[in-house]
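First up is the structure itself, then whatever we jot down about it.
There are 2 protein chains.
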Amino acid sequence: MGKVIGIGFLGLGVVGSQVISYINENREYVKEVYGMEFSVKAVYVRDINKKRNIDTSDVFLTTNIADIVENPEIQVCVECMGGAGMEETYKAVMKSIQNGKHIVMSSKKCLATYGMKLMEASNQYNIQLRFEASVGGCIPICRSLMQMSKGDEIRKIYGIVNATSTYVLSAMENHKISFSEALQQAKAKGFAENNSSEDIMGIDTLNKMRILLRLGMKVDVDCRYIEPVSIENIDIEATNQAGTIIRQIFYAEKTSAEDICCFVGPKALNSNHMLQSVSENYNMIFVESKHSGLRAYYGKGAGGRETASVMFDDLIDVLQNKYRFEDIEPIICNCLTSENLVL
Amino acid sequence: MGKVIGIGFLGLGVVGSQVISYINENREYVKEVYGMEFSVKAVYVRDINKKRNIDTSDVFLTTNIADIVENPEIQVCVECMGGAGMEETYKAVMKSIQNGKHIVMSSKKCLATYGMKLMEASNQYNIQLRFEASVGGCIPICRSLMQMSKGDEIRKIYGIVNATSTYVLSAMENHKISFSEALQQAKAKGFAENNSSEDIMGIDTLNKMRILLRLGMKVDVDCRYIEPVSIENIDIEATNQAGTIIRQIFYAEKTSAEDICCFVGPKALNSNHMLQSVSENYNMIFVESKHSGLRAYYGKGAGGRETASVMFDDLIDVLQNKYRFEDIEPIICNCLTSENLVL
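Sequence lines, in order, name chains Z and E. So that you can map any letter, position 311 of the first sequence is 311 in the numbering used here, and since no number is skipped, the others follow by simple counting. So that you can map any letter, position 175 of the second sequence is 1175 in the numbering used here, and since no number is skipped, the others follow by simple counting.
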């Protein structure tokens, strides 16, 4: 019998349920390889009577968040609260950190907004904070930025990290349909949420870029000074030259020791650019460093099972490995336009 | 003043010299972020009088390997011995492990041949063994396979990991020249070594595949039963259909719980495959898992500064993180041919 690790869940939607299934399916594996046993002690939910995809008969469901964040039997807190109630998520995670619990997070909007405070607190309380699932889904971009290019200098980070916009733009291009038709189709096929305005306007992508720039360039960009370009009013035919395709991208470049230029919005990509291969719910992220050169990462950006798999990796990681966030400077970016940006 | 970590070097060629430069350039960074100081205690070289690219006046050079492997002041051993003298490399690394030193390795041939013994010893002696630079250069493929898809099942690993063959095949295709002309060109431009037969025959790629399959699929393939297909006698025009390009690839697929099929050699790639984008000294590796789906990794496969940067990341990693190699089963692969292999 291995060492028992108490796990608490904040949220039990699609992703949370899948993480619990993952834990159940891998009991033997975790015992054998890590000499540990994961025990789900309590799960915070907003509505205790909601029908769930998994059997919760032997899980302690609670609407009292203190049953998680103040529970001394819990060593790791898994946060899957989704987009709504960002302040509630922040407070619960912060309290958990202050109570010495390691954290595996997924809520990108909460991380974009409160990530600096959470990272500082995790250093201060000497706990491990991971959020691989928050950007790029299955792409190991957070851990790569945390572990690679030490003493190197990351000069550019750019890519595609939003599946809704990819779906909409490729449907407009391939089927010559209007923006609103394409968005309807995306919703029908599960590539867009009911309220997808943040995806379309580039705010979701901006949030993800912000998270990556902290880890990669050690800067926290002030989002008030960045105006993402929405894909809503794009004239595909006018913008789209022969051989190019348009995708919503983010782009950040270190132009001097103190300056960063960035762009979030639609960009025409040349046919020889690898980003042209990105379709459906795949994401792709490029990282260019002074010494190690150009690296690229590709993988599924969304999906319940996929996200759960990545959060399970994070769960193992917080118990095995030690990472301290480096000092991160607040910065005001210079904004680029699509035209003066060369990929 | 931080905690002093004694480093010993096995080999001081292009890569070893660059790692020492990297350590010197990053003294302040390592002190500030990790509270440590790297101190190069001794460097094993075959010829003490050889002219070096770096100033070695304050480095203790020795032709006695015991000055490294038996040196109680050394906590981490950095191996950059290159391709020659594989047995000597193995013995020195094994002895270092037995003496409790963490290891950062680069010699892929030694790892392919003796890796199982070295990994077992590293578990037994409770030391950390890293070898990111041995496969895919700057691509964080080893750490990704070590850290990701926990409790998931990796079903396919394939890609391009040999720059010499990429250069030769693309020169033959683009400039309509013969194999031997292309190889001459590759040597002149630094994309091929003087003796490049292992690159051409696919043995180098097979060695790298073997290393990746241990980490990803937890199997050690018996190389005696795999016949790589050389690119030497390829008839580019006959093989090359419209829109395809030919590259030397490796491919391994788990076809059942006990069976793995594999192929190493030239393969015609369709124009919509991302591997078509790989040129010069870039490598690209695809990993497909049951739950997390398809992931791909792209980056520079070679270069002194690039390799040094990755070994420096490993150096930090062995001191921060804990990894135990999982059980690895010996296996005999079924061999595929290029024709019955679908990417």
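Virtual Cβ for every residue (Gly too), placed ideally from N, Cα, C.
- In the three-state scheme derived from DSSP, where H, G and I count as helix and E and B as strand, residue 119 of chain Z is classed as helix.
- Here DSSP, grouped into helix, strand and coil, assigns residue 289 of chain Z to strand.
- Residue environment for residue 1266 of chain E: buried (at least 16 other C-beta atoms within 10 angstroms of its C-beta).
- For residue 294 of chain Z, at least one C-beta of chain E is nearer than 9 angstroms to its own C-beta.
- With respect to the 9 angstroms criterion, residue 1207 of chain E and residue 1255 of chain E are not classified as neighbours on the basis of their beta carbons.
- The residues 86, in chain order, have a CB closer than 7 angstroms to that of residue 113 of chain Z in the same chain once the five nearest residues on each side in sequence are set aside.
- With its beta carbon at least 9 angstroms from every one in chain E, residue 106 of chain Z lies outside the interface.
- Residue 1277 of chain E is not a Cβ neighbour of residue 1251 of chain E, given a cutoff of 9 angstroms.
- Below the 7 angstroms Cβ cutoff, chain E contributes 1305, 1306 and 1309 as neighbours of residue 291 of chain Z, in chain order.
- Of the other Cβ atoms in all chains shown, fewer than 16 fall within 10 Å of the Cβ of residue 342 of chain Z; this residue is therefore exposed.
- Of all residues in the stretch 1321-1338 of chain E, those with a C-beta nearer than 8 angstroms to a C-beta of chain Z are 1321, 1322, 1323, 1324 and 1326, reading in chain order.
- Less than 9 angstroms separates the beta-carbon of residue 1157 of chain E from that of residue 1285 of chain E.
- Per DSSP, the continuous beta strand (DSSP E) segment holding residue 1247 of chain E begins and ends at 1245-1254.
- Burial of residue 1283 of chain E is indicated by the presence of at least 16 other C-beta atoms within 10 angstroms of its C-beta.
- Assigned with DSSP and collapsed to three states, residue 1312 of chain E falls in helix.
- Interface residue (Cβ-Cβ distance to chain Z less than 9 angstroms): residue 1080 of chain E is not classified as such.
- By the 16-neighbour rule on beta-carbons within 10 angstroms, residue 175 of chain Z is exposed.
- In this chain, the beta strand (DSSP E) harbouring residue 331 of chain Z covers 329-331.
- Non-local C-beta neighbours of residue 1056 of chain E in its own chain, meaning closer than 8 angstroms and more than five positions away in sequence, comprise 1012 and 1043, ordered along the chain.
- Think of a sphere of 8 angstroms around the beta carbon of residue 25 of chain Z: the chain E residues whose beta carbon falls inside it are 1151, in chain order.
- For the options E/1228, E/1010, E/1296 and E/1236, the alpha carbon positioned closest to that of residue 1067 of chain E is the one of E/1010.
- Residue pairing by DSSP puts residue 102 of chain Z in a beta bridge opposite Z/76.
- Residue 1317 of chain E is a Cβ neighbour of residue 1128 of chain E, given a cutoff of 9 angstroms.
- Secondary structure of residue 336 of chain Z (DSSP, three-state): coil.
- In this structure, residue 160 of chain Z and residue 248 of chain Z form a Cβ contact; the two beta carbons are roughly 7 angstroms apart against a cut-off of 8 angstroms.
- For the 9 angstroms CB-CB criterion, residue 290 of chain Z and residue 1312 of chain E do not form a contact.
- In the assembly as shown, residue 1073 of chain E is an exposed residue. Its beta-carbon has fewer than 16 other beta-carbons within 10 Å.
- Between residue 1336 of chain E and residue 1263 of chain E the beta-carbon gap is near 4 angstroms, inside 8 angstroms, which marks them as a contact.
- Shortest Cα-Cα distance from residue 1081 of chain E to any of E/1022, E/1120 and E/1133 involves E/1133.
- Spanning the alpha carbons of residue 1340 of chain E and residue 1279 of chain E requires a straight line of approximately 25 angstroms.
- Cβ neighbours of residue 144 of chain Z within its own chain (closer than 8 angstroms, five residues either side excluded): 287, 295 and 297.
- For the 9 angstroms CB-CB criterion, residue 1018 of chain E and residue 1307 of chain E form a contact.
- When DSSP assignments are scanned along the stretch 1191-1244 of chain E, the uninterrupted stretches of beta strand (DSSP E) that are 3 or more residues long and fall wholly within it turn out to be 1219-1221.
- Less than 9 angstroms separates the beta-carbon of residue 1071 of chain E from that of residue 1008 of chain E.
- Comparing alpha carbon positions, the residue from Z/142, Z/281, Z/309 and Z/322 closest to residue 189 of chain Z is Z/281.
- Rounded to whole angstroms, the separation of the alpha carbons of residue 26 of chain Z and residue 1245 of chain E is 42 angstroms.
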